[in-house]
Amino acid sequence: MPVTSDAPDREADATGSETEGEPTLPVNELFYSLQGEGKLAGTPSVFVRTSGCNLRCWFCDSYHTSWEPTHATMTVDEILAKVDDHDANHVVVTGGEPLVHDAVAVLLDRLAEAGHHVTVETNGTIHRDVPIDLASVSPKLASSTPTAERDPKGNGEWADRHEARRLDVDTLARFVEDYETQLKFVVSDESDVRELDDLVSRVRDAADVPVPDEDVLLMPEGATRERLAETRERVADLAMEYGYRFTPRLHVTLWNDAPET
Ligand code: SF4
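Spelled out as structure tokens, the structure:
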């Protein structure tokens, strides 16, 4: 479905709502594609991209869910009907930050009841007691902060809020304890890997379960083919050096920065 730019923008911390008793979610895109990243890269999947995020990474590749959120408002029943249009077992609930919305719990319950394998892509700052088959958690490193020099709007007004919210080790530990989890980091250079190496140690200390190296994924920064070509070999080398897993960005390689991919 197309992005609707005329729908009212939702607050950054939107929680979803109800229409005449029916739970609704702000949906930016709903489409069928290949999972491009992580352990399930290459898997045909239906993507439900909610709008609204509690962070503002300067490099956000879903700009219209965070910096300038746009969406249609859909009931959970309408979302499920659109998902059923595609013969896909795998569903990816992504954003934005899907877990900011209370109504996402209803959607995840219904998808589980229908027997779908559900991946939730999250920044790992909000934990909910919901059914998730794969938590694809992407903690945000210091290099994500939209300083005045990097802020796409040029004023740095989100820098302090982003910095205060971007990491919560105890919440990350709950993800790895409660779900099959992949910790997926956007990496530009070695300073990012040193930082994530330290963070993974802190999560291991806080969690009651092991976090194997193969569940830690390094993903090259770059939302366009041109930028990805500049970063991916360096990040692949870093993955080998540190013993973590490299993840491609298949959708960027295949379709560049086209929407609904
Ligand atoms: S957490 Fe994800 S959706 Fe939110 S601003 Fe960062 S990259 Fe964009």
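Here numbering that gives the first Met the number 0 is used: the first residue of the sequence shown is 0, the next is one more, and so on.
Ideal Cβ placement from N, Cα and C applies to all residues, glycine included.
Pairwise C-alpha distance: residue j and residue i
{"i": "T69", "j": "V99", "result": "16 Å"}
{"i": "G221", "j": "K81", "result": "30 Å"}
{"i": "L237", "j": "L182", "result": "16 Å"}
{"i": "G95", "j": "A71", "result": "14 Å"}
{"i": "A205", "j": "L39", "result": "27 Å"}
{"i": "T180", "j": "I131", "result": "9 Å"}
{"i": "V129", "j": "L195", "result": "27 Å"}
{"i": "G123", "j": "S200", "result": "16 Å"}
{"i": "E77", "j": "H89", "result": "18 Å"}
{"i": "Y241", "j": "D169", "result": "24 Å"}
{"i": "G155", "j": "E148", "result": "7 Å"}
{"i": "S65", "j": "T146", "result": "16 Å"}
{"i": "F174", "j": "N255", "result": "31 Å"}
{"i": "F245", "j": "S135", "result": "14 Å"}
{"i": "D150", "j": "H161", "result": "11 Å"}
{"i": "L106", "j": "V91", "result": "12 Å"}
{"i": "E259", "j": "V202", "result": "33 Å"}
{"i": "D167", "j": "H126", "result": "10 Å"}
{"i": "A87", "j": "R109", "result": "15 Å"}
{"i": "P1", "j": "E28", "result": "Confidence in P1 is poor, its pLDDT being 35 and thus under 50, which makes the residue's placement unreliable; the coordinate value appears in the next sentence. When rounded, the distance between both Cα atoms is 6 Å."}
{"i": "S4", "j": "A163", "result": "In this prediction, S4 has a pLDDT of 34, which is less than 50 and means its spatial position is unreliable; what the coordinates show is noted afterwards. The straight-line gap from Cα to Cα measures roughly 30 Å."}
{"i": "P43", "j": "E67", "result": "28 Å"}
N- and C-terminal bounds of the beta strand (DSSP E) containing residue i
{"i": "L217", "result": "V215 to P219"}
{"i": "A134", "result": "L133 to V136"}
{"i": "A71", "result": "A71 to T74"}
{"i": "T144", "result": "Premise fails: T144 is in no beta strand (DSSP E) and is neither H nor E."}
{"i": "L182", "result": "T180 to V186"}
{"i": "H161", "result": "Segment A158 to R164 is the alpha helix (DSSP H) holding H161; no beta strand (DSSP E) there."}
{"i": "V119", "result": "H116 to T121"}
Secondary structure of residue i, DSSP reduced to three states
{"i": "V47", "result": "strand"}
{"i": "F58", "result": "coil"}
{"i": "R127", "result": "coil"}
{"i": "S32", "result": "strand"}
{"i": "R109", "result": "helix"}
{"i": "E21", "result": "strand"}
{"i": "T252", "result": "helix"}
{"i": "V262", "result": "For residue 262 there is no data in the structure shown, the boundaries of the chain being 0 and 260."}
{"i": "V26", "result": "strand"}
Buried/exposed call for residue i, threshold 16 Cβ in 10 Å
{"i": "P211", "result": "exposed"}
{"i": "T93", "result": "buried"}
{"i": "D191", "result": "buried"}
{"i": "P229", "result": "It should be noted that the sequence gives Glu, not Pro, for residue 229. Burial call: exposed."}
{"i": "L253", "result": "exposed"}
{"i": "N53", "result": "buried"}
{"i": "Y243", "result": "buried"}
{"i": "T144", "result": "buried"}
{"i": "G35", "result": "buried"}
{"i": "K139", "result": "buried"}
{"i": "A172", "result": "buried"}
{"i": "R248", "result": "buried"}
{"i": "G41", "result": "exposed"}
{"i": "M239", "result": "exposed"}
{"i": "K102", "result": "Residue identity check: residue 102 is Ala in the sequence provided, not Lys. Under this definition A102 is a buried residue."}
{"i": "P209", "result": "exposed"}
Residue-level contact to chain C via CB, residue i, 8 Å cutoff
{"i": "A111", "result": "Looking for chain C here will not work: only one protein chain is present."}
Alpha helix (DSSP H) segment containing residue i, residue limits
{"i": "E229", "result": "R224 to Y241"}
{"i": "T170", "result": "V168 to D177"}
{"i": "V192", "result": "E189 to A205"}
beta-carbon residue i near ligand 3 non-hydrogen atom, thresh 7 Å
{"i": "G94", "result": "Ligand 3 is not part of this structure, which contains only ligand 1."}
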